[in-house]
Amino acid sequence: MNFSRDALSVAMLLTTVTTILAISLVDVGWHFCAILFLSMMKQSQKARLKLRCPIVLGREPYIAIPDGWFNLVYEMCAKIEDIAQQINQKHRQRLFLPRIIAISVESGKLNCEVINRNKDINDLLRKVRMYSAKRCMICGDDAHQFRDSGELISRCAAHRAESGASC
Ligand SMILES: [Zn+2]
C-alpha cells in the first residue's frame with residue numbers, strides 16, 4: 018500500500034516538475050525571441066545612422082540610448098555630419114574633422130561627446146541635451162522628467178501611467 022502511495026507521489030511530483038519546466042522553457046523562448054528581435058532592430062537602426070553619417074560615426078563610437086530617443090539622435094548626428102561634410106570640402110581642414118566618440122544618457126539627458134567640435138556643434142549639443150529631457154525615453158513623445166528609484170527618467174503621459182510612477 019505504502020509503495021503505491023509513494024509511487025503516486027513520485028508520479029505527481031514528476032508531472033509537476035515537468036509542467037514547470039515546460040512553462041519555463043516556453044517563457045525563456047519568448048524572452049529570447051524578444052531580445053533577438055530588439056537587438057535586430059538596434060542593428061538596423063545603427064546601420065541607418067552609419068549610412069547617413071559616414072564621417073562623424075566613422076570611428077565606431079559607443080552608443081547606448083533609449084529607443085524613444087533614436088529620432089533625436091539621428092537628427093543630431095545628421096546635423097553634425099552636414100557640418101563635417103562642409104569642413105571636409107576645405108582641403109586644409111580635413112585633419113580636424115568632427116568625430117563622435119560616445120552617445121549616452123548622463124543625468125537623465127542625452128550626452129554626446131565629439132572631438133574637434135566647433136561652436137555650431139557646441140550649440141547643437143547643448144540644445145539637444147536640454148530637449149532630450151522633454152522626450153519620452155520609450156516612444157519619443159512629449160514628456161516630463163521625474164525621479165524613479167533615484168534615477169532621472171523622461172516619460173510621456175501614457176508611459177508614465179504604465180510605469181505607475183508618482184511625482
Ligand atoms: Zn512614451
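Taken in order, the sequence shown gives residues 18 to 184; the numbers are from our numbering. By construction, the Cβ of each residue, glycine as well, lies at the ideal position given by its N, Cα and C atoms. Just so it is clear, the structure is predicted and the values come from calculations on it, not from any experiment.
Exercise. Are the CB atoms of Ile120 and Ile82 nearer to each other than 7 Å?
Worked result: Residue mapping note: residue 120 aligns to position 103 of the sequence shown, counting from 1. Residue mapping note: residue 82 aligns to position 65 of the sequence shown, counting from 1. The answer is yes: Cβ separation under 7 Å.
Exercise. Roughly how many angstroms lie between the CA atoms of Glu168 and Lys126, to the nearest whole one?
Worked result: By 1-based counting over the sequence shown, the position of residue 168 is 151. By 1-based counting over the sequence shown, the position of residue 126 is 109. Whole-angstrom Cα-Cα distance: 11 Å.
Exercise. Beta carbon of His161: closer than 6 Å to some heavy atom of ligand 3?
Worked result: The ligand content of the structure shown is limited to ligand 1, which means ligand 3 is not among them.
Exercise. Starting from Phe163 and walking both ways along the beta strand (DSSP E), at which residues does that stretch end?
Worked result: What you label residue 163 is simply residue 146 of the sequence shown in a count that begins at 1. Here the beta strand (DSSP E) through Phe163 covers His161 to Asp165.
Problem set entry | Residue range of the beta strand (DSSP E) that includes Val73 | For this step, residue 73 is matched to residue 56 along the sequence shown. No beta strand (DSSP E) holds Val73; DSSP gives it neither H nor E.
Exercise. Using DSSP with H/G/I as helix, E/B as strand and the rest coil, what is Leu53?
Worked result: Within the sequence shown, residue 53 is the residue found at index 36, counting from 1. Because Leu53 sits at a pLDDT of 49, beneath the cut-off of 50, its placement in the model cannot be relied upon, and the following sentence gives the value as read from the coordinates. Shown here, Leu53 sits in a helix according to DSSP, grouped into three states.
For this session: For Cys184, count neighbouring C-beta atoms within 10 Å of its own C-beta (all shown protein chains included) and say buried if the count is 16 or more, exposed if not.
Result: Along the sequence shown, one-based indexing puts residue 184 at 167. For Cys184, the pLDDT reaches just 47, beneath the cut-off of 50, and the residue's location in the model is therefore unreliable, although a value from the coordinates is still provided. Per the 10 Å Cβ criterion, exposed.
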